[in-house]
């Protein structure tokens, strides 16, 4: 549970999770594939207004915590929320 709490302790990471809750609405420039494969890291970086290395670090923390799934297509990595994992974490919090 520590990794999950650490992942949620940063405003940018929280924003990324929120944006990925509605990828088609938040990243319309990505086209219609966002629900299936996710949003590419470059679009997330642009939206976050951070350097590529900073956004990469944020995405890695969220992925290690289990909140994000990553799909590689060629040189691009696409991220989407792991809704099942997020629900399980929220349920554990309610039980505390």
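In our numbering, the protein residues as written are 9 to 104.
We treat Cβ as the ideally placed atom computed from N, Cα and C, and that holds for glycine.
| Query | Result |
| --- | --- |
| Quick one: what's got a C-beta closer than 8 Å to residue 66's C-beta in the same chain, skipping five residues either side? | 18, 20, 21, 24, 56 and 58 |
| Look up residue 76 in the DSSP assignment and say whether it is helix, strand or coil. | strand |
| With residue 97 as the anchor, note down where its alpha helix (DSSP H) starts and where it stops. | 91-103 |
| Please say whether residue 101 and residue 90 have beta carbons closer to each other than 8 Å? | no |
| Rounding to the nearest angstrom, what Cα-Cα distance links residue 79 and residue 52 in this structure? | 14 Å |
| For the alpha helix (DSSP H) containing residue 15, name the first residue and the last one. | 10-15 |
| Report yes if the CB atom of residue 94 is closer than 8 Å to the CB atom of residue 48, and no otherwise. | no |
| Could you pull the DSSP bridge partners for residue 87 from this structure? | 47 and 78 |
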